[in-house]
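Here is the structure we will look at.
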Amino acid sequence: MYKKSSLPKVLSLVFLFLLGLSWWYIVWDKYQEKNSHNIGVEHVYSHRGASGEEIEHTFEAYDLAISYGSQYIEQDLVTSKDKTLYVSHDLNAKRLTGEDKKYGEMTDDEIDKLKTKNAEKIHRLRDVFVRYQDTVTYVIELKGEDEQIELFKEEVQQAKLKDKIIVQSFKVKTLEKLNETFPKMKKLLLVKDQKTLDQTIKHSVVDIFGVSKKLMTEENIENIHKNKKTVSVWTLNRSDDIKKAINLNVDTYFTNFTGKALVLEKENRKTNRE
């Protein structure tokens, strides 16, 4: 039996122990919740943002993708008549704005007056950088020639974001030119046919092979990995295609549906903890 005088001390110790245990459980639960939310994010490139749900390349599309947990948002570049980089997949503004004119034929003032259906502007690359800073990694496709490459270099250096960019192109020469200025920047070669993949698979400047869905085969993935490169696939929107990519150990893939992809990643991707 405890003496009367020692009982309050014992009760105090028990109370402190239970309080500490409760705190530990709360912290652990938050840690588990955070980790659960992050499962798979390193594998998903948000193609033009969450473009399956919002208008592509708008802040709404990027914001939604990021709210799902995305760490990678994709941009396509076009160049205005005034030599400014804007974000658009199409060279012509008609599909998104109704204006049937190429961006390369319009001044900055003309482009800045255009509106998408959600009343957003066609964004300049620098405005995207300003909005998201270093909170995400930008997966940026260059479509132009030498002039666009030089403009891109200037924008990246001004924004000081060279370590937060993966640059992509269908042209090896474009990646080689960028490698001169940004040797540590990850470079992704877009590939749409088997012949090109076979010819470039050992190229030293390429870090990531971005292959079309039809090239997503076990043999191609194994060969790319054997050459110490990583594999990205475009563009996977159907659940069965995403599951196939996960099962084939595809490193990353582009998708219009970030939210769905992250759910499928959580359900299907085998982690190191398993």
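Here the sequence shown stands for residues 26 to 299, where the numbers follow our numbering. Note that beta-carbon positions come from the ideal geometry of N, C-alpha and C, so glycine has one too.
Would you report the Cα separation of residue i and residue j, rounded to the nearest angstrom?
| i | j | result |
| --- | --- | --- |
| residue 195 | residue 226 | 14 Å |
| residue 229 | residue 115 | 30 Å |
| residue 272 | residue 81 | 28 Å |
| residue 250 | residue 287 | 23 Å |
| residue 164 | residue 98 | 6 Å |
| residue 307 | residue 148 | Past the edges of the chain, shown from 26 to 299, lies residue 307, and the structure says nothing about it. |
| residue 110 | residue 172 | 11 Å |
| residue 129 | residue 291 | 42 Å |
| residue 190 | residue 66 | 16 Å |
| residue 166 | residue 155 | 18 Å |
| residue 276 | residue 159 | 22 Å |
| residue 295 | residue 64 | 10 Å |
| residue 243 | residue 137 | 45 Å |
| residue 253 | residue 142 | 43 Å |
| residue 301 | residue 122 | Residue 301 lies beyond the residue range present for the chain, which begins at 26 and ends at 299; the question has no answer from this structure. |
| residue 201 | residue 266 | 32 Å |
| residue 219 | residue 289 | 28 Å |
| residue 182 | residue 269 | 38 Å |
| residue 222 | residue 245 | 9 Å |
| residue 279 | residue 293 | 17 Å |
| residue 239 | residue 193 | 19 Å |
| residue 93 | residue 135 | 34 Å |
| residue 52 | residue 68 | With a pLDDT of 46 at residue 52, under the threshold of 50, the predicted position of this residue should be treated as unreliable, though the coordinate-derived value follows. Looking at the two C-alpha atoms, the distance is approximately 27 Å. |
| residue 260 | residue 215 | 12 Å |
| residue 170 | residue 264 | 36 Å |
| residue 274 | residue 235 | 14 Å |
| residue 120 | residue 127 | 11 Å |
| residue 224 | residue 140 | 42 Å |
| residue 162 | residue 248 | 26 Å |
| residue 70 | residue 205 | 26 Å |
| residue 125 | residue 157 | 30 Å |
I'd like to check one pair, residue j with residue i: are the Cβ atoms closer than 9 Å?
| i | j | result |
| --- | --- | --- |
| residue 112 | residue 96 | no |
| residue 217 | residue 232 | no |
| residue 237 | residue 258 | yes |
| residue 152 | residue 133 | no |
| residue 203 | residue 150 | no |
| residue 176 | residue 104 | yes |
| residue 188 | residue 209 | yes |
| residue 118 | residue 131 | yes |
| residue 207 | residue 185 | no |
Any Cβ of chain D within less than 9 Å of the Cβ of residue i?
| i | result |
| --- | --- |
| residue 93 | Checking the listed chains, one finds no chain D in this structure; it contains a single protein chain. |
How far does the alpha helix (DSSP H) with residue i in it extend, from its first residue to its last?
| i | result |
| --- | --- |
| residue 280 | Note, residue 280: premise wrong, no alpha helix (DSSP H); beta strand (DSSP E) at 277-280. |
| residue 155 | 150-157 |
| residue 284 | 283-293 |
| residue 164 | Here residue 164 belongs to no alpha helix (DSSP H); instead the beta strand (DSSP E) covers 162-166. |
| residue 266 | 264-272 |
| residue 93 | 84-93 |
| residue 222 | 219-225 |
| residue 122 | 119-122 |
| residue 197 | 197-206 |
| residue 245 | 243-251 |
| residue 135 | 133-137 |
If I follow the unbroken beta strand (DSSP E) through residue i, where does it start and stop?
| i | result |
| --- | --- |
| residue 234 | 233-237 |
| residue 107 | Here residue 107 belongs to no beta strand (DSSP E), and DSSP marks it neither H nor E. |
| residue 334 | Nothing about residue 334 can be reported from this structure: the residues present for the chain run from 26 to 299 only. |
| residue 255 | 255-259 |
| residue 191 | 190-194 |
| residue 181 | Here residue 181 belongs to no beta strand (DSSP E); instead the alpha helix (DSSP H) covers 171-184. |
Assuming residue i and residue j are in contact, meaning their beta carbons sit under 8 Å apart, how far apart are those beta carbons, in whole angstroms?
| i | j | result |
| --- | --- | --- |
| residue 77 | residue 262 | 6 Å |
**Inter-stretch contact (C-beta, 8 Å, three-pair minimum) for the stretch 274-293 and the stretch 88-96** = yes
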